[in-house]
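Chains as they are written, first to last, in the numbering used here: chain A, 12 to 123; chain B, 6 to 116.
Set out below in structure tokens:
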């Protein structure tokens with residue numbers, strides 16, 4: 012049973028660039044949530060996708076956007092990167108929007 | 006006041022001892038509670054979830070929930086050096102689909 016997968020594992024970008032991160036949910040799961048975890052901090056909720064729609068959003072600017080595909084996989088896009096966007100980006104999947112969330116291995120983004 | 010509070014630690018226990026990790030939350034409507042373990046540089050790994058008052062046991066782990074006191078704890082019996090990690094308490098509030106995390110407690114198990 013495949014767990015949550017994310018790609019790439021690591022990424023280095025420069026300020027002002029754009030980045031796309033990808034996530035495939037655990038088999039049988041239809042909901043994907045994205046979190047940002049800065050170094051030494053707890054994960055912070057970015058948004059959640061269910062039925063190809065953004066169902067809820069955390070306190071993140073519009074530079075952060077996403078998409079969910081019919082196969083339930085998801086992308087997180089960040090435009091106009093700032094140094095402060097450097098973090099571990101976590102994808103979590105669940106079966107339904109209010110259920111137990113399982114995290115993928117994360118994508119570590121470094122913005123120079 | 007943060008919505009989910011944890012003592013940041015580090016909590017240091019000798020190998021074989023019981024480690025007790027605590028978490029309090031502010032929203033009385035919270036119904037689902039989770040403990041995640043996070044090793045340095047890795048992603049959070051779910052180790053326990055609990056929805057009802059009382060105790061829930063899974064191997065060496067026991068989660069305890071007291072909704073009246075808005076308190077949830079995690080006990081790790083027979084602690085091993087491999088249990089050394091940061092333990093994140095997370096809460097799911099009805100109507101909100103996001104997990105709200107505490108800042109985590111760093112556990113160190115001394116051989």
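Glycine residues also receive a C-beta, built at the ideal position from the N, C-alpha and C atoms.
List, in order along the chain, the chain A residues whose C-beta lies closer than 7 Å to that of residue 68/B?
-> Numbered from its first residue, the second chain carries residue 68/B at position 63. The premise fails here: residue 68/B is roughly 13 Å from chain A at the closest Cβ pair, so nothing lies under 7 Å.
Straight-line Cα distance separating residue 49/A from residue 194/B = Past the edges of chain B, shown from 6 to 116, lies residue 194/B, and the structure says nothing about it.
Using the beta-carbon of each residue, which ones in chain B are nearer than 8 Å to residue 53/A?
-> The residue given as residue 53/A occupies position 42 in the first chain. Within 8 Å Cβ-Cβ: 93, 106, 107, 108, 109.
Could you spell out where the beta strand (DSSP E) holding residue 90/A opens and where it closes?
-> In the first chain, the residue the question calls residue 90/A occupies position 79. Where residue 90/A is concerned, there is no enclosing beta strand (DSSP E), given that its DSSP letter is neither H nor E.
Go ahead and label residue 91/A buried or exposed: buried means 16 or more other beta carbons lie within 10 angstroms of its beta carbon, across all protein chains shown.
-> Indexing the first chain from 1 puts residue 91/A at position 80. Residue 91/A is exposed by the Cβ-count criterion.
By the criterion of Cβ-Cβ separation under 8 Å, what are the contact partners of residue 48/B in chain A?
-> Taking the first residue of the second chain as 1, we reach residue 48/B at position 43. The contacting residues are 99, 101, 114, 115, 116, 117.
In terms of DSSP beta bridges, what is residue 22/B paired with?
-> For the purposes of this step, residue 22/B is identified with residue 17 of the second chain, where counting begins at 1. Bridge partners of residue 22/B: none, in fact.
CB of residue 51/B within 7 Å of CB of residue 67/B, strictly | As a first step, residue 51/B is located in the second chain; it is residue number 46 there, counting from the start. As a first step, residue 67/B is located in the second chain; it is residue number 62 there, counting from the start. Contact flag unset, no.
So which residues on chain B does residue 77/A lean against when the C-beta distance must stay under 7 Å?
-> By 1-based counting over the first chain, the position of residue 77/A is 66. Those do not exist, as residue 77/A stays about 14 Å from chain B at its closest Cβ, beyond 7 Å.
Any idea if residue 47/A is buried or exposed, counting beta-carbon neighbours within 10 angstroms, 16 or more meaning buried?
-> Here residue 47/A refers to the residue found at position 36 when the first chain is read from its first residue. Per the 10 Å Cβ criterion, buried.
Please state whether DSSP places residue 41/A in a helix, a strand or coil.
-> Indexing the first chain from 1 puts residue 41/A at position 30. Three-state result, residue 41/A: coil.
Exposed or buried, residue 106/B, counting other C-beta atoms within 10 Å across all chains shown (16 or more means buried)?
-> In the second chain, counting from the first residue as 1, residue 106/B sits at position 101. Buried, because 16 or more other Cβ atoms sit within 10 Å of the Cβ of residue 106/B.
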